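Asker: What the sequence shown shows, in the UniProt record's numbering, is residues 1 to 835, in sequence order. Beta carbons: idealized from backbone N, C-alpha and C, even for Gly. Bear in mind that the values here come from a model prediction, so they are computed numbers and not experimental data.
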Amino acid sequence: MRSRRGEGLVAGPAAWWIAGSLLIPALAGGAAPGRPSGPSTVVMEPVVAPLVGRHASAQMILTEGRPDGSSRDLTREASWTSLDPTVAAVSPRGLVSPRGNGKATIVARAGSSEVRGVVAVRGMDAPAPVSFRRDVIPAFSQAGCNTGSCHGTPTGKGGFRLSLRGYLPDEDFLTLTREASGRRINATAPDDSLLLRKPLGEIPHEGGLRFDRRSEGFELVRAWIAEGAHDVAASPAPAKLEIVPGPRVLVEPADSQQIAVRLRHDDGSVRDVTTLCYFDSSNAAIAEVNPEGLVRFRARGEVAIIAHYLSLVANVRLTHLVRMPGFAAAPVAEDDVVDHAVFSKLNRMQIPPSPPCTDGEFLRRAYLDVIGVLPTPAELDEFLRDGGDASAGAGSDRDARSLARRERVVDALLRRPEFHDFWALKLADVLRSNGRLIKPKGALAYHRWIRAALERDMPMDEFARALLTTNGSTYAQPAANYYRTCREPEAAVEATAQLFMGVRIGCAKCHNHPFERWTQDDYYGFAAFFSQVGRKKGNQPEEEVIFSTQAGEVRQPRTGRVMKPKALGGPVLDGAGPDRRVRLASWLTGAENPFFARCLVNRVWYHLMGRGIVEPVDDFRDSNPPSNDELLDGLARRFVHDGYSLKRLIRTIVLSRTYALSSGSTPGNADDEVYFSHAATRMLPAEVLLDAISAVTGTATTFEGLPRGSRAAQIPDGKLDNPFLKTFGRPARELTCECERECDPNLSEALQLIGGATVNGKLHDDHGRVAGLAASGLPPEDIARQLYRAALTREPSPGELEAAVRHLRSGADLRPSIEDLGWALINSKEFLFRH
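(1) Based on the DSSP secondary-structure assignment, which residues constitute the bridge partners of E683?
(2) So, N628 versus Y675, is the Cβ gap smaller than 8 Å?
(3) In whole angstroms, what is the alpha-carbon distance linking A591 and Q532?
(4) Take every Cβ of the stretch 89-101, pair it with every Cβ of the stretch 191-205, and state whether three or more of those distances are shorter than 8 Å.
(5) Whole angstroms is fine: what's the gap from T274's alpha carbon to S71's?
(6) Assuming the contact rule is C-beta atoms closer than 8 Å, V410 and V370 should be a hit. Round their C-beta distance to whole Å, please.
(7) Which stretch, first to last residue, makes up the alpha helix (DSSP H) that contains M44?
(8) Using DSSP with H/G/I as helix, E/B as strand and the rest coil, what is T652?
(9) Count the other CB atoms, across all protein chains shown, that sit within 10 Å of the CB of P127; report buried if there are 16 or more and exposed otherwise.
(10) Take every Cβ of the stretch 566-577, pair it with every Cβ of the stretch 588-602, and state whether three or more of those distances are shorter than 8 Å.
(11) Measure from the C-beta of S645 to each C-beta in chain D and report whether the shortest distance is under 8 Å.
(12) Can you look up A328 in the DSSP assignment and give me helix, strand or coil?
(13) Tell me the DSSP secondary structure of R248 in three-state form.
(14) Does the distance from the CB of S354 to the CB of S656 come in under 8 Å?
(15) Where do the ends of the beta strand (DSSP E) carrying W518 lie?
(16) For A233, which of F132, M609, N283, N722 has the nearest alpha-carbon?
(17) Rounding to the nearest angstrom, what Cα-Cα distance links S269 and H340 in this structure?
(18) Given a cut-off of 8 Å on the beta-carbon distance, is the pair L821 and L787 in contact?
(19) Mind reading off the beta-carbon distance from L413 to Y483? Whole number of angstroms is fine, and I expect it under 8 Å.
(20) For L310 versus G166, is the C-beta spacing smaller than 8 Å?
(21) Would you report the Cα separation of V43 and G502, rounded to the nearest angstrom?
(22) Which partner residues does Y309 have in the DSSP bridge list?
(23) Do the stretch 241-253 and the stretch 221-230 meet, that is, are 3 or more Cβ pairs less than 8 Å apart?
(24) Can you give the Cα-Cα distance for F530 and R580, rounded to whole angstroms?
(25) Please list the terminal residues of the continuous alpha helix (DSSP H) segment that includes I225.
(26) CA-CA distance, A466 and S645?
(27) On the DSSP letters alone, give me the boundaries of the beta strand (DSSP E) that G117 sits inside.
(28) Cα-Cα, which of L263, L318, P375 is closest to A237?
(29) So, do the stretch 94-104 and the stretch 134-148 have three or more beta carbon pairs nearer to each other than 8 Å?
(30) I believe C739 touches P685 by the beta-carbon criterion, under 8 Å. Please report the beta-carbon distance rounded to the nearest angstrom.
(31) With DSSP as the reference, label W265 as helix, strand or coil.
(32) Which runs of the alpha helix (DSSP H) spanning at least 4 residues fall entirely within the stretch 141-188, listed in chain order?
(33) Kindly indicate which three-state DSSP category V545 falls into: helix, strand or coil?
(34) To which residues of the same chain is C357 closer than 6 Å at the C-beta, ignoring the five residues directly before and after it?
(35) Kindly indicate the opening and closing residues of the alpha helix (DSSP H) around A254.
(36) In angstroms, rounded to a whole number, what distance separates the CA positions of A771 and A804?
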């Protein structure tokens with residue numbers, strides 16, 4: 001049962017723990033195979049203070065601690081006994097419930113170990129009415145009744161509507177007790193209430209079975225109805241949710257963990273709410289959690305287990321390790337922020353890294369990732385002549401000479417104009433540089449401003465401040481186009497949060513976020529920063545002028561309250577200064593904001609490595625933790641230390657040992673998709689692919705409004721229509737999201753490559769590479785080598801060369817055979833994918 005007011009576990013836990021718990025060592029002599037030798041200890045937690053009232057309960061947890069720092073949960077294996085069941089009862093899962101005032105000793109036995117605790121119960125003879133807001137609503141949430149797929153939708157289900165996850169308790173109370181003539185509840189005969197019979201399955205219910213008569217949620221709802229279904233005042237107020245135990249490492253064969261959830265109130269008192277929470281796992285493929293808080297691992301890895309109670313959220317990180325026979329730890333660099341974090345994590349997870357990639361693979365990868373073009377055969381030759389060979393063995397790519405050579409090529413790439421074109425393309429995508437939104441002239445001006453900022457390596461905090469605070473003509477002050485794409489305060493809220501904080505806050509526009517800490521107050525407090533942005537026509541056609549009106553407020557639509565400008569997850573910033581956006585920009589890029597540097601670092605890592613440290617890349621939340629906290633935080637600190645320089649951040653990542661790992665997996669890391677044990681293989685972006693095909697075929701593509709010879713990566717306007725680019729996922733730039741760019745292969749792309757006009761037209765071009773090779777008089781061996789080097793940045797293998805020469809000699813006319821070979825190379829996975 002459960003306490004009415006949230007009274008429960010209060011002051012004095014340390015004294016109780018010392019006096020009432022007995023720790024007995026569990027000797028490891030009979031340990032399971034693979035368990036470390038030496039003594040282990042068995043402890044009971046959480047620390048339990050008196051249970052107050054008949055509705056209180058406490059989930060006990062029994063843990064074996066091992067010498068290597070790992071743990072094994074014994075809660076479900078132990079035998080639980082109450083030495084005074086008239087005072088407290090304990091279930092087989094370790095859940096303690098009060099029965100009468102007094103003290104009872106709880107005993108847990110696991111093997112030869114025995115642990116005792118004392119529970120003090122009081123308040124059983126005092127009134128303890130069920131709280132509609134603190135007990136009934138959480139019971140509905142745990143049962144899933146008020147989710148978006150059930151009665152929590154705006155229109156409800158079956159004529160019955162609740163607010164999503166109970167964020168409008170006043171309305172829910174009226175719905176349950178007054179709507180439909182109050183027929184949903186029957187206070188004189190609680191068991192006849194539709195509110196109970198339907199979720200129990202006694203009456204047909206589209207939502208299926210939701211309650212169990214033995215569950216605490218059912219007992220609370222029934223008791224509330226029997227008490228008259230009142231909305232009684234409840235205090236103290238909930239303040240913080242906590243999960244015990246804290247972060248844990250479970251080593252095979254241990255594969256499960258019971259958790260308990262405690263609610264801390266604003267007066268310092270604590271209540272166990274394990275039985276009223278609903279739980280999520282950040283990765284159900286690795287671990288699942290049941291409604292009782294029992295986590296079971298299905299594979300090795302890390303997960304965040306998230307507990308929800310009303311609008312409060314807490315999470316805990318659990319790690320499951322599988323000992324790999326013959327695993328040898330990889331060397332961990334102490335002087336590299338990337339490699340130290342990545343290889344420390346791989347060693348901890350016992351995942352071996354792949355071997356280093358070859359020099360040719362590194363060159364091709366760096367060119368494609370940093371400037372979006374293929375290296376030419378001449379650039380390949382120059383790189384390979386600069387020390388070393390094209391096939392570096394394990395360890396040799398990290399010697400001083402090889403590193404210096406790679407530093408030289410990366411530094412040269414960062415200075416090239418293609419770098420500014422390529423990264424301007426990436427920024428223009430998420431900043432929505434689209435002629436439909438900001439007019440063609442505005443899109444061109446916006447793109448030029450972005451590129452110029454990259455060319456002078458404008459610090460990214462300065463870049464963000466310029467976007468958020470610039471006033472003036474969208475032509476003369478192109479950064480002002482930010483507010484042309486975000487025309488309403490709500491649009492600016494969602495774009496700013498997602499772009500510069502990696503937070504998707506859109507759900508909180510209509511209701512408190514159902515899974516995270518963000519509320520409607522957070523949303524509209526943030527919107528207040530943008531409520532005084534004015535717009536007027538400029539002197540030129542389609543020109544717009546952005547300015548601060550210094551007037552205008554935002555009201556919270558549910559409460560009608562005028563919202564003060566409040567940083568998302570930060571303080572109210574209602575101070576001096578005419579333009580609120582200046583205060584916002586200062587906070588957003590300042591040290592007190594934990595999101596900005598980590599968000600931008602994660603975006604860059606995603607573009608270079610194919611997957612974010614937080615994934616999706618713009619979805620930072622408690623229930624979606626980083627795959628490597630040390631890596632994300634370390635890179636963020638380096639980014640800030642380096643003055644928010646995008647170029648220096650890219651250089652740090654690309655010159656790491658991690659970046660230069662092979663894309664080929666090994667038996668020990670084939671299932672790793674999150675810890676960067678091998679390089680990601682991903683299809684080239686649309687613009688890069690078209691430019692690469694043009695480079696291999698020696699042809700140019702004509703784009704409307706751009707000079708001949710322009711590359712696809714230089715297109716400034718997302719509105720430009722090109723069938724090839726559209727097929728391969730070029731975004732329309734209508735969303736502030738990396739997800740708008742499609743990168744997964746599909747049938748339309750295959751048809752474009754196999755028989756599309758773009759590829760075939762370039763291969764048949766009389767002024768292209770194929771025609772030139774056909775007229776060159778070169779032997780077939782040299783023709784094949786040139787095509788391989790241009791397309792794949794490597795020499796053909798002996799087998800490939802033999803097959804290519806055979807085909808080139810098979811026909812009377814050499815040119816069609818060269819076209820065939822070029823077509824085969826362009827359609828190969830090695831060409832189409834970054835690897």
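Answerer: Well, looking at it:
(1) Position check: residue 683 holds Met in this sequence, whereas Glu was assumed. Paired residue(s): F833.
(2) yes
(3) 26 Å
(4) no
(5) 21 Å
(6) 7 Å
(7) Where M44 is concerned, there is no enclosing alpha helix (DSSP H), although the beta strand (DSSP E) it sits in stretches over 40-45.
(8) helix
(9) exposed
(10) yes
(11) This model lacks chain D altogether; it includes just one protein chain.
(12) coil
(13) strand
(14) no
(15) Unbroken run through W518: none, as it is neither H nor E.
(16) F132
(17) 42 Å
(18) yes
(19) The Cβ separation is near 34 Å, so there is no contact.
(20) yes
(21) 40 Å
(22) L312
(23) no
(24) 8 Å
(25) 216-226
(26) 15 Å
(27) 113-122
(28) L263
(29) no
(30) Not a contact, Cβ separation roughly 14 Å.
(31) One point to set straight first is that residue 265 is His, not Trp, in the sequence displayed. Three-state DSSP puts H265 in a strand.
(32) 169-177
(33) strand
(34) A660, S662
(35) Premise fails: A254 is in no alpha helix (DSSP H) and is neither H nor E.
(36) 17 Å
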